[in-house]
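> Residue numbers (this note's numbering): 583 to 777.
Glycine included, C-beta positions come from ideal geometry on N, C-alpha and C.
Just so it is clear, the structure is predicted and the values come from calculations on it, not from any experiment.
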Ligand code: ITT
């Protein structure tokens with residue numbers, strides 16, 4: 583089974599391809615369908631943005647697809663940056679600036695609890711489905727590690743002492759927010775294929 587992943591983030595594409603490797607599902611990228619569009623994400627929730635991205639591709643290309651919207655929710659900051667994670671420091675997709683702003687906001691904060699939350703919206707045969715995944719953890723006081731992307735250098739998942747960027751992709755892809763959401767998607771698609 584082939585399905586389009588509506589993302590412009592190559593790190594997400596790589597992670598999802600690795601997580602789905604054991605399933606009979608082939609992930610098709612936006613590049614594969616010749617889509618270079620900057621897909622709008624203007625909703626106020628992760629669910630809304632994930633649906634908006636998936637609907638954009640289905641409306642324009644008529645293909646079954648799914649999209650992922652992810653946010654980092656920090657307890658001491660009233661769950662910010664949340665749905666605004668990509669543009670927390672003002673300019674979209676500047677991870678260095680986003681991490682710098684978050685570390686500044688967290689200076690002196692004792693409660694470092696945070697969680698990554700991923701919502702996947704799947705559009706299949708005219709129906710819409712949502713799957714989510716959460717990983718709890720804490721925010722560090724400085725960046726650590728070179729792997730991963732986005733906020734990975736400042737997030738330590740629960741049960742570990744290293745950041746996602748130090749742990750590397752093999753561990754991240756087993757325990758992450760995205761891994762949990764993609765496992766639900768994989769299971770659903772595998773069952774749909776065999777029935
Ligand atoms: P698409 O919308 O094209 O899928 P994006 O990079 O805009 O890609 P999101 O809106 O879902 O993706 O991401 C929001 C922000 O959260 C963005 O700054 C990412 O770098 C960051 N992010 C997403 N997933 C992450 C992860 O697994 N680890 C660390 N940061 C992540």
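For residue 674 and residue 666, what's the separation of their Cα atoms in angstroms?
One-based indexing of the chain shown puts residue 674 at position 92. One-based indexing of the chain shown puts residue 666 at position 84. Distance between residue 674 and residue 666, taken at the CA atoms: about 9 Å.
> Whose C-beta lies closer than 6 Å to the C-beta of residue 727 among residues of the same chain, with five residues either side of it excluded?
In the chain shown, residue 727 corresponds to position 145, counting from 1. Result list for residue 727: 735, 745, 747 and 748, in chain order.
> So, at 7 Å on beta carbons, what are the nonlocal neighbours of residue 661 in its own chain, with the 5 sequence-adjacent residues on each side left out?
As a working mapping, residue 661 is identified with position 79 in the chain shown. The residues are 655.
> In whole angstroms, give me the CA-to-CA distance for residue 741 and residue 758.
Against the chain shown, residue 741 aligns to sequence position 159. Against the chain shown, residue 758 aligns to sequence position 176. The alpha-carbon atoms of residue 741 and residue 758 are separated by roughly 12 Å.
> Out of 708, 766 and 738, state which residue places its alpha-carbon closest to the alpha-carbon of residue 637.
Counting from 1 along the chain shown, the entry for residue 637 is found at position 55. Of all alpha-carbon atoms in 708, 766 and 738, the one lying nearest the alpha-carbon of residue 637 is that of 708.
> List the endpoints of the continuous beta strand (DSSP E) containing residue 695.
Locating residue 695 in the chain shown gives position 113, where the first residue counts as 1. Counting along the chain, the beta strand (DSSP E) containing residue 695 begins and ends at 695-706.
> Report the option in 597, 585 and 705 whose CA atom is closest to the CA atom of residue 762.
For the purposes of this step, residue 762 is taken as the residue at position 180 of the chain shown. Here the closest residue by C-alpha is 597.
> Quick check on DSSP: helix, strand or coil for residue 764?
Numbered from its first residue, the chain shown carries residue 764 at position 182. Correct three-state label for residue 764: helix.
> Going along the chain, which residues of its own chain have a beta-carbon closer than 6 Å to the beta-carbon of residue 652, five neighbours each way excluded?
Residue 652 sits at position 70 when you count from the first residue of the chain shown. For residue 652, where only same-chain residues beyond five positions count, the Cβ hits under 6 Å are 700.
> Alpha carbon to alpha carbon, what distance is there between residue 599 and residue 719?
Sequence index remark: in the chain shown, residue 719 carries index 137 (1-based). Sequence index remark: in the chain shown, residue 599 carries index 17 (1-based). Just so you know, the alpha carbons of residue 719 and residue 599 end up roughly 24 Å apart.
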